[in-house]
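Chemist:
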Amino acid sequence: MEDVRVRFAPSPTGFFHIGGARTALFNWLYAKHTGGKFILRIENTDDERDRQEFLDVLIRGLQWLGLDWDEGPGVGGDYGPYLQSQRSDIYDAYTEILKREGHAYEKDGALYFRVSQKPQTIHDLIRGDVVRKEEKDFVIVRANGKPVFHLVNVIDDIAMGITHVIRGEDHLSNASKHVELFNAFGVAPPLFAHIPLILKSHGSGKMSKRDTGALIENYAADHFIPAAVRNYLCLLGWSPKEDREILPIGEIIRLFNIRDVNKNNARFDEKKMAFFNGEYLKALPFAEFFDRSMAVLADSAIALEKFDGAYVSSVLELCQEKLRSLVELPNFVDYFFSESISYDREALAKLQLKCAVRQRLGEFRDAFAAASGVDDASIENLVRDLANANCVNGGEYIHSVRFAVSGRNVGPSFFGLVRVLGRERVLARLGNFLAQCP
RNA sequence: GCCCCCAUCGUCUAGCGGCUAGGACGUUGGAUUCUCAUUCCAGAAACCGGGGUUCGAUUCCCCGUGGGGGUGCCA
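Heads up, the first sequence is in the working numbering, so the first residue is 5 and it goes up one at a time.
1) Count the other C-beta atoms from every protein chain shown that fall within 10 angstroms of the C-beta of ASN148, then say buried if there are 16 or more, exposed otherwise.
2) Within the same chain, show all residues whose beta-carbon is closer than 7 Å to that of LEU308, passing over the 5 residues directly before and after it, in chain order.
3) May I ask you to report which of helix, strand or coil DSSP gives THR38?
4) Going by Cα to Cα distance, which pick from PHE30, PHE12, PHE19, PRO14 is closest to LEU500?
5) Assign GLU6 to one of three DSSP states: helix, strand, or coil.
6) Report the rounded CA-to-CA distance for ILE2 versus LYS275, giving the unit in angstroms.
7) Just to confirm before moving on: does the CB-CB distance between TYR86 and PRO77 stay below 8 Å?
8) In angstroms with no decimal places, state the Cα-to-Cα distance between PHE418 and LYS245.
9) Per DSSP, PHE341 forms a beta bridge with which residues?
10) In terms of DSSP beta bridges, what is PRO151 paired with?
11) Quick check: the Cα distance between ASP128 and VAL79, rounded to an integer number of angstroms?
12) Taking the straight line between their C-alpha atoms, what separation do you get for ALA432 and LYS210?
13) Relative to the C-alpha of LYS310, which residue among ALA278, LEU285, ALA299, GLU343 is closest?
14) Do you know whose CA, among ASN261, ALA97, ALA374, PRO151, lies nearest HIS168's CA?
15) Starting from the Cα of LEU219, find the closest Cα among PHE293, MET298, ILE250, PHE272 and give me that residue.
16) Taking its Cβ as the centre, do 16 or more other Cβ atoms sit within 10 Å of SER410, making it buried, or is it exposed?
17) Could you check the C-alpha separation between LEU320 and TYR339 for me, to the nearest Å?
18) Should LEU357 be labelled buried (16 or more other beta-carbon atoms within 10 Å of its own) or exposed?
19) Let me know the secondary structure DSSP gives THR27 once reduced to three states.
20) Tell me which same chain residues have a C-beta within less than 6 Å of the C-beta of ASP50, skipping the five on either side of it?
21) Do you know offhand how far ALA353's Cα is from ARG412's?
22) Measure the C-alpha to C-alpha separation of LEU438 and ARG296 and round it to an integer number of angstroms.
23) Determine the direct distance from the alpha carbon of SER180 to that of ALA114, and round the result to whole angstroms.
24) Among LYS326, LEU322, GLU292, ASP303, which has the Cα closest to the Cα of ALA225?
25) Grab me the residues of TRP242's own chain with a C-beta within less than 8 Å of its C-beta, minus the 5 sequence neighbours each way, in chain order.
26) Indicate whether LEU69 and VAL331 have their beta-carbon atoms separated by less than 8 Å.
27) Let me know the secondary structure DSSP gives ILE229 once reduced to three states.
28) Given that a residue counts as buried once 16 or more other Cβ atoms are within 10 Å of its Cβ, and exposed if not, what is VAL145?
29) TRP32: which of GLU75, ARG423, GLU283 sits nearest, CA to CA?
30) Would you tell me roughly how many angstroms separate the C-alpha atoms of GLY377 and ARG388, rounded to the nearest one?
31) Pick out the complete alpha helix (DSSP H) segments inside the segment 111–194, 4 residues or longer, and give them in chain order.
32) Excluding the 5 residues preceding and the 5 following ILE22 in the sequence, name in chain order all residues of the same chain whose CB lies nearer than 8 Å to its CB.
33) Note down the Cα distance separating PRO334 from GLY172, rounded to an integer number of angstroms.
34) By the DSSP assignment, the alpha helix (DSSP H) with MET298 in it spans what residues?
35) Do you know offhand how far VAL405's Cα is from VAL396's?
36) Run through the DSSP bridge pairs and tell me what ARG11 is partnered with.
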């Protein structure tokens, strides 16, 4: 069998839609799976909307997701140019063929394609054979001389030797036009694979750029883990089966086959996306978690430069397992880097209902001041001994002290929290809190 | 209007003629002499309806219904 050549052919609109990203992903997966080529072709026929910055959004998005292309802008290839705006000579040549063979005629200044009026069969790897008849002749070159999408899309697929057209189901109805065109050029159409669309999580219709979670550039801006987004996207319309969901991309490439893609549209679920991100975050090697965290903290109000590297590192180490997304990191760790703690009154009120906060804090402070070790085990023993001596639950110390040193009732593991903050800070904060607490 | 595609828990899905219909997110309830935005248990939750075919249909066929898409000198 001939080598697989697939393409992602977006038009630069200024944003990178999640549906397009998933189409790119499935093409990429299929190319990787078959050892074929993944081609990026930019469809910018429509007037001069094709500004460089629009193209950059697309390129950055694909790179962020780790979807590298074998041919296309930036990497070249034997079938270029890969920007449709630079291919008009090719389109003219092909259009001549249509005219010469009587498949096209002029009307109202535009060039029309003469349809066969016969039912066309679209061989689709996902849906099977789909038969559809094109009723009316349609425009292939506008009166202003610009060729339309249907024409250039087919010409490029022929000229670039595309073997499989993997694209959104919104093109399924158009496919009969394309098959007519392929026939007119005397070329066997490629195999099609119309993948289901991504629907918005709430309400009706497909995801639009205004829906939350719709734009790839926003995931990057919100510091999502690209591999998590990519993994989640794989599962919208495809499944590795065997009750597996989170798996390395190499494994996905091995298992992925375009024939296994579902037929029905999938609704996007931000909650599950967030869950995936959390799982990937926790599984990150610490060095990478550290780097990503530093990038987030650098943009925050936290003044990291006042602290030594080892301290920052130990704070992050402590928090990695608790985080679900990096955007919440600054808010999660701010009290490690500032002595002006804002106390959550509501959380305190709740705590006071359950235990005698002041008393526990006093007891803890005295014991902690006298203790020698600040490792997790020593702190745990200290809490346990205190609890036993005073006949209360260890949690009373834990919750009270957590609140006094952090101002809130949620956070990382308590013993690690005390260890990382260190004796000085903990004692100072306890003193502070006791001095102002009712 | 016409054409095309689709249909399993709220959501993503497994299932490809005989299953207690499985998993995941979410949700609910517990657990941990450490909170939860962690972790672990447990629970609730689905085969759109009607006809066929068959000994037997979630699974195959038809018709409804519902959802999605297309129907541009947009892509």
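Even glycine gets a Cβ: it sits at the ideal position worked out from N, Cα and C.
Modeler: Checking against the coordinates, here is how it stands:
1) exposed
2) LEU301, VAL316, PHE341
3) helix
4) With the chain represented from 5 up to 442, any question about residue 500 goes unanswered, as that position is not in the structure.
5) coil
6) With the chain running from 5 to 442 in the structure shown, residue 2 is simply not present.
7) yes
8) 39 Å
9) Bridge partners of PHE341: none, in fact.
10) VAL145
11) 30 Å
12) 55 Å
13) GLU343
14) ASN261
15) PHE272
16) buried
17) 13 Å
18) exposed
19) helix
20) Confidence is the limiting factor: at ASP50 the pLDDT is only 49, short of 50, which leaves the residue's position unreliable, though a coordinate-based value still follows. Cβ neighbours of ASP50 beyond the five flanking positions: none.
21) 11 Å
22) 37 Å
23) 21 Å
24) ASP303
25) PHE30, PHE260, ASP264, VAL265, ASN266
26) no
27) coil
28) buried
29) GLU75
30) 15 Å
31) 153–163, 179–188
32) ILE202, MET211, GLY217, ALA218, LEU219, ILE220, LEU237, PHE272
33) 39 Å
34) 290–302
35) 15 Å
36) ILE43
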